[in-house]
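Take 1227 as the starting number for the sequence shown in the numbering used here and just add one per residue.
Structure first, then comments.
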Amino acid sequence: MIYDAVINNHGLPHNPIKALIGPRPIGWISAISDKGELNLSPYSFFNMLGQNPTLVAFSSAGYKDAIAFVEKSKEFVCNIVTWDLRDEMNKTSTNLPRGESELAYAGLTTAPSHFIKTPRVAEASAALECRWVQTIQPSTVDGQKMDQYIILGQVMGVYIDDQFIQNGLVDTAAMRPIMRAGYFDYFVATPETKFSIARPPKVALRAPHQQQTD
Ligand SMILES: Cc1cc2nc3c(=O)[nH]c(=O)nc-3n(C[C@H](O)[C@H](O)[C@H](O)COP(=O)(O)O)c2cc1C
């Protein structure tokens, strides 16, 4: 099939796009307000966008509390969501009234961050302590402002539960991170689904600006 993604005439009971661009990593964003209220919510419009310095981004459909809080405090934490915390993560997507803690609602606790004031989720196996870099509210191709807010953040500190470091490498599969697909579907990374491919040998010396850095 092919359909028009502006008018979404796919004819299916649900929009299929998130089942195609998936599974997506989940940034479980903790952020504090100027009154010290703590917000925690999952974002699967989330990814690492650059390194040296490490750049991450998440995007909100509408101007949600997480965006308002980050724009005030200029910082946030991306907690990594793993299989054991799937139900807790899901609970934190509830739209509680501002001031009510999603952490308490989900039975989670906080641990202090090292480089920023915003705490991380103590139960999470890894967390990225970020400072706000930029908020982007894009326009459509017709010049209409989208009701979407993309936050870019620079990673200032990284927490990793030491039990997941084996022989100097992070054992991602042992952590069992979960990822979001379409509908109510998720995927989990496990040792069985892991595979490795070495990079191909370099064929020719390239100009410095064309050399791969990752
Ligand atoms: C797995 C998962 C991923 C989500 N990803 C996003 C997202 O990328 N962008 C978004 O706006 N909402 C997303 N949501 C919904 C938000 O988490 C939810 O609206 C948010 O918790 C509202 O909280 P807030 O208004 O207090 O920030 C997601 C929900 C779940 C369960």
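Quick reminder that beta carbons are idealized off the backbone N, C-alpha and C, glycines included.
Pull up the distance between the alpha-carbon of Tyr1409 and that of Ala1430, whole angstroms please. As a working note, residue 1409 is residue 183 in the sequence shown. As a working note, residue 1430 is residue 204 in the sequence shown. Approximately 45 angstroms between the Cα atoms of the pair.
Quick check for students: name the residue ranges of the beta strand (DSSP E) that lie wholly in the segment 1342 to 1386, counting only runs of 3 or more. 1352 to 1362 and 1374 to 1386
On the CB-based measure, 16 or more other CB atoms within 10 Å of its CB, does Glu1314 come out buried or exposed? The residue given as residue 1314 occupies position 88 in the sequence shown. When all chains shown are included, Glu1314 counts as buried.
For Ser1422, is the beta carbon positioned less than 7 angstroms from some heavy atom of ligand 1? For this step, residue 1422 is matched to residue 196 along the sequence shown. It does not: the Cβ of Ser1422 is nowhere closer than 7 angstroms to a heavy atom of ligand 1.
So the alpha helix (DSSP H) Tyr1289 belongs to, where does it begin and stop? Position 63 of the sequence shown, counted from the first residue, corresponds to residue 1289. That residue, Tyr1289, is in no alpha helix (DSSP H); it is neither H nor E in DSSP.
Residues that Asn1305 bridges to, as DSSP identifies them: As a working mapping, residue 1305 is identified with position 79 in the sequence shown. In the DSSP output, where bridge partners are listed per residue, Asn1305 has Trp1254 and Ala1353.
Here's the rule I'm using: 16 or more other beta-carbon atoms within 10 Å means buried, otherwise exposed. How should Asn1265 be labelled? As a working mapping, residue 1265 is identified with position 39 in the sequence shown. By the neighbour-count rule (16 or more Cβ atoms within 10 Å), Asn1265 is buried.
Let me confirm a value: Leu1275 is counted as buried when at least 16 other C-beta atoms fall within 10 Å, else exposed. Which label applies? Here the question's residue 1275 lines up with position 49 in the sequence shown. When all chains shown are included, Leu1275 counts as exposed.
Buried or exposed for Trp1309, please, with buried defined as at least 16 other CB atoms from any protein chain shown within 10 angstroms of its CB. One-based indexing of the sequence shown puts residue 1309 at position 83. When all chains shown are included, Trp1309 counts as exposed.
CA-CA distance, Lys1420 and Ala1332? Taking the first residue of the sequence shown as position 1, residue 1420 is located at position 194. Taking the first residue of the sequence shown as position 1, residue 1332 is located at position 106. If you take the alpha carbons of Lys1420 and Ala1332, they lie about 30 angstroms apart.
Assuming Gly1253 contacts Tyr1269 (C-beta within less than 8 angstroms), just tell me the rounded distance between them. The residue labelled residue 1253 in the question sits at position 27 within the sequence shown. The residue labelled residue 1269 in the question sits at position 43 within the sequence shown. Sure, about 5 angstroms apart at Cβ, within 8 angstroms.
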